[in-house]
Amino acid sequence: MTTRPFLLSSSIQYMKGVGPRRAERFERLDVRTGRDLLYHLPHRYEDATTVDPIASLQPGDAATVIGRVVSKGVLRTRTRLRVFHAVLRDDTGLIECAWPGRPWLDRTIKKGDLLLVSGPVRFYHGRQLQPREHTVLDGSGEGIEGGRVFPVYPATEGLTHRQVRAIIDANLESLLSELEGRERLPAAWLAELHLPPLEEALLSLHRPSALAEVEPARRRLAFEELFFLQLLHARARWQLKTQSPGIALDAPPSLTDPFIASLPFELTDAQKRAWSEIQADMSTPAPMNRLLQGDVGSGKTVVAAAALLKAAEAGYQGALMAPTELLAEQHFRSLSELLAPVEVQPVLLTGSITGRQRAVVLDALSNGTRRIAVGTHALIQDAVRFESLGLAVIDEQHRFGVEQRRLLRQAGTAPDALVMTATPIPRSLALALYGDLDISVIDEMPPGRRPVVTGVRGPDSREAAFEFLREQMAEGRQGYVVYPLIEESEVLEARAATAMHEQLAERYAEFEVGLVHGRLSAAEKDDVMRRFLAGEVHLLVATTVIEVGIDVPNATVMLIEDAERFGLAQLHQLRGRVGRGAEQSYCVAFHSGKEPSERLSAFAGTTDGFALAEEDLRLRGPGDLFGREQHGIPMLRFADLERDRALLEDARGRARSIVEHDPELEQMDHRPLRRELVEHYGDREELYRVG
299 MTTRPFLLSS
309 SIQYMKGVGP
319 RRAERFERLD
329 VRTGRDLLYH
339 LPHRYEDATT
349 VDPIASLQPG
359 DAATVIGRVV
369 SKGVLRTRTR
379 LRVFHAVLRD
389 DTGLIECAWP
399 GRPWLDRTIK
409 KGDLLLVSGP
419 VRFYHGRQLQ
429 PREHTVLDGS
439 GEGIEGGRVF
449 PVYPATEGLT
459 HRQVRAIIDA
469 NLESLLSELE
479 GRERLPAAWL
489 AELHLPPLEE
499 ALLSLHRPSA
509 LAEVEPARRR
519 LAFEELFFLQ
529 LLHARARWQL
539 KTQSPGIALD
549 APPSLTDPFI
559 ASLPFELTDA
569 QKRAWSEIQA
579 DMSTPAPMNR
589 LLQGDVGSGK
599 TVVAAAALLK
609 AAEAGYQGAL
619 MAPTELLAEQ
629 HFRSLSELLA
639 PVEVQPVLLT
649 GSITGRQRAV
659 VLDALSNGTR
669 RIAVGTHALI
679 QDAVRFESLG
689 LAVIDEQHRF
699 GVEQRRLLRQ
709 AGTAPDALVM
719 TATPIPRSLA
729 LALYGDLDIS
739 VIDEMPPGRR
749 PVVTGVRGPD
759 SREAAFEFLR
769 EQMAEGRQGY
779 VVYPLIEESE
789 VLEARAATAM
799 HEQLAERYAE
809 FEVGLVHGRL
819 SAAEKDDVMR
829 RFLAGEVHLL
839 VATTVIEVGI
849 DVPNATVMLI
859 EDAERFGLAQ
869 LHQLRGRVGR
879 GAEQSYCVAF
889 HSGKEPSERL
899 SAFAGTTDGF
909 ALAEEDLRLR
919 GPGDLFGREQ
929 HGIPMLRFAD
939 LERDRALLED
949 ARGRARSIVE
959 HDPELEQMDH
969 RPLRRELVEH
979 YGDREELYRV
989 G
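Residue numbers for the sequence shown follow our numbering, beginning at 299 and rising by one.
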């Protein structure tokens, strides 16, 4: 029996070389315990295994040298640029290094320091090296003659990467010794996946003898991270399907078949596939927990309407929750029209519905006379009682918190849940974020839908684009001009949008120009959007608050300023705000450079949201495609969803297999997994049960 680690669980301040003051600084790096310190990994490495002698350097070389600083200073050029200079010496000679525009290095690099620098060598009044990277090495430099790889750690004010490296170096053996006997992954898995044991992996990441050791060690931590994420998903999925008293909504299709037959169009193959998957789920007693994702305009609402009717024909109620009142009202109008042929009338409940009207709605839900409800978070308030909620549909689910989703699910006896998003998500990211949900994808657009004509233009084309916007408005159409978030500041964002609103209101004096940005109150934004929907506002100047918004069929032009500041997913969502009606629509994205970026070229090249989502993941990494991190969703520290897709698929398969055969992780070889979940993932597991 292994004892519980002492140092790993101890406060960082008790580690060698730390103390209370440095512990406060480590907290800024999210390092609070010995375990955090052990997993505080280098973000890059300086490779001194192939160091060039200074005497051998020639202009045009890309060099790495180690030398002692023998002199230094800041010089000012004729253009008043301040350049930090340092002369380095090794056993073979001297070379000058120059850092243009970085005079502050004079305060951090001292005479006598041992530096590792790498960069191009050029001829400028003699040989000069311009470092792309530099690292101040520790001590006298003994032991580097044979070459070493130097880890460079994330640091913070008052705690340099050299100090972090020295502290980790002083504590590494003690921390690693407490991992002995606590390997959580089976040895057979490590052999199959060609991954090192945990202790070896961490040692290689902190003290690699060669750069080639780093990637296998990273892959080991990446797989472990992905596996426990998938184990959480698999256990949440098992808990829901086996531990909750579900409802089998398997009545004869007295509403769904007539509804589908009444549609003035035929469902696409993708819609039929999604509907088949949802029907099968709803017909079983295990609660459904399914994600329905599809591009803007792909027809998710029709599939959701069929699911709501399936609950109603089985004698239960269905509820659709949207993040804003305008979206809820839009869904209410759409469902009222879609369901009219089968004589089912939904009821609407939002915060604006009060008094007698609200009392009537609440009575209709509590006594079951209305089978379908549409609303906002008002649906989960204490006063709302459903007679028998069988299905909860949550639209644009990433805009709701975990707690809101949980409350809606608790409004019935483990009702089925269908969560929808119009943001196409790459498969790898969907598995990482929503691995506990079954996933249905509508990846086909209805026939006859006109694609939005998309152009990417430089500064010289702005005037022509804005004149085209005027022509469209003169013909009775509406348009958007969208500005990006600037420097992550809502205040600056609001100022930029406000300034441009004033300019455009003056330019288009004959039209009504509205303004929406993140600093407006919800009521102010709602008022402008309602006027835009009603056609009273002809041009809407906005920031990305309209990224996921209401449908305005009369809007035909979308102009996006500083488009390189947006991700592909955002650009595609903005483009989806036009093209909702019968008229041809246009989207123009402006760039500020001579040529459009790779991202903007990809945007202009396709209207396939799923293809763009994959490209976004490739270009930007997983990041957060929704603009901000969701509460309860961990950002990956070691795994890269682009590089590690095979590891993710493998981790998912192993996690689901284990939970299928041993859900409580009681078998002897699964106990290390259970211990890891309890010690380090306990707070997450409750959140993941919500979905």
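Glycine included, each C-beta is placed from N, C-alpha and C at the ideal position. The structure presented is a predicted model; accordingly, all values stated were derived computationally and were not measured.
With a contact defined as Cβ atoms closer than 8 Å, Leu663 and Val682 qualify at about 7 Å. Rounded to whole angstroms, the Cβ separation of Trp536 and Val957 is 5 Å, and the two are in contact under 8 Å. Asn665 is bridged by DSSP to nothing; it lacks a bridge partner.
For Val957, the enclosing alpha helix (DSSP H) begins and ends at Arg943 to His959. Pairwise C-beta distances place the stretch 674-693 in contact with the stretch 607-615, as three or more of them are shorter than 8 Å.
By a beta-carbon distance limit of 8 Å, Ala880 does not contact Glu523. Their separation comes to about 49 Å. With contacts defined by Cβ atoms closer than 8 Å, Pro418 and Ala360 form a contacting pair. Contact annotation, Leu636 with Ala603: C-beta distance approximately 5 Å; criterion of less than 8 Å satisfied. Between the stretch 856-874 and the stretch 806-820 there are fewer than three inter-stretch CB-CB distances shorter than 8 Å, so the stretches are not counted as touching. Nearest to Ala453 by alpha-carbon distance, out of Pro340, Leu538 and Lys892, is Pro340.
Judged by DSSP in its simplified three-state form, Met313 adopts coil rather than helix or strand.
Under the Cβ criterion (8 Å, minimum of three pairs), the stretch 386-403 counts as touching the stretch 340-357.
Collapsing the DSSP output to three states places Met856 in a strand.
With contact defined as three or more Cβ pairs closer than 8 Å, the stretch 575-594 and the stretch 726-737 are in contact. Secondary structure at Arg420: strand, using DSSP grouped into helix, strand and coil.
The C-alpha of Gly774 is placed about 9 Å away from the C-alpha of Gly833. For the pair Asp849 and Arg829, the CB atoms are not nearer than the 8 Å cut-off.
One thing to note: Leu946 has its Cβ within 8 Å of the Cβ of Ser726. Shown here, Tyr732 sits in a helix according to DSSP, grouped into three states.
Rounded to whole angstroms, Tyr451 and Phe526 show a C-alpha spacing of 25 Å. In the three-state scheme derived from DSSP, where H, G and I count as helix and E and B as strand, Lys409 is classed as coil. Secondary structure note for Val826: its alpha helix (DSSP H) is the uninterrupted segment Ala820 to Leu831. 8 Å or more divides the Cβ of Leu336 from the Cβ of Leu501.
In the three-state DSSP reduction, Ala361 falls in the strand class (E or B).
Fully enclosed alpha helix (DSSP H) runs of no fewer than 4 residues occupy 496-504 of the stretch 489-519, in order along the chain.
Out of Val372, Tyr422 and Arg430, the CA that lies nearest to the CA of Leu414 is found in Arg430. About 5 Å separates the beta carbons of Ala346 and Arg446, which is inside the 8 Å limit, making them a contact pair. For Pro398, the uninterrupted beta strand (DSSP E) segment begins and ends at Leu392 to Pro398. Here Val779 has Val839 and Leu857 as same chain residues with Cβ atoms under 6 Å from its own Cβ, once five neighbours each way along the sequence are excluded. The beta carbon of Tyr312 sits closer than 6 Å to no other beta carbon from its chain once the five residues preceding and following it are set aside. If you draw a straight line from the Cα of Gln528 to the Cα of Leu915, it is about 20 Å long. From the listed residues Tyr781, Ser416, Phe684 and Ala485, the smallest Cα separation to Glu344 is found for Ser416.
A Cβ-Cβ contact shorter than 8 Å links Val372 with Pro401. When Cβ pairs closer than 8 Å are counted between the two stretches, the stretch 642-657 is seen to touch the stretch 668-679, the count reaching three or more. The straight-line gap separating the alpha-carbon atoms of Thr854 and Gln776 is approximately 6 Å.
For Thr721, the secondary structure class from DSSP, reduced to helix, strand or coil, is coil.
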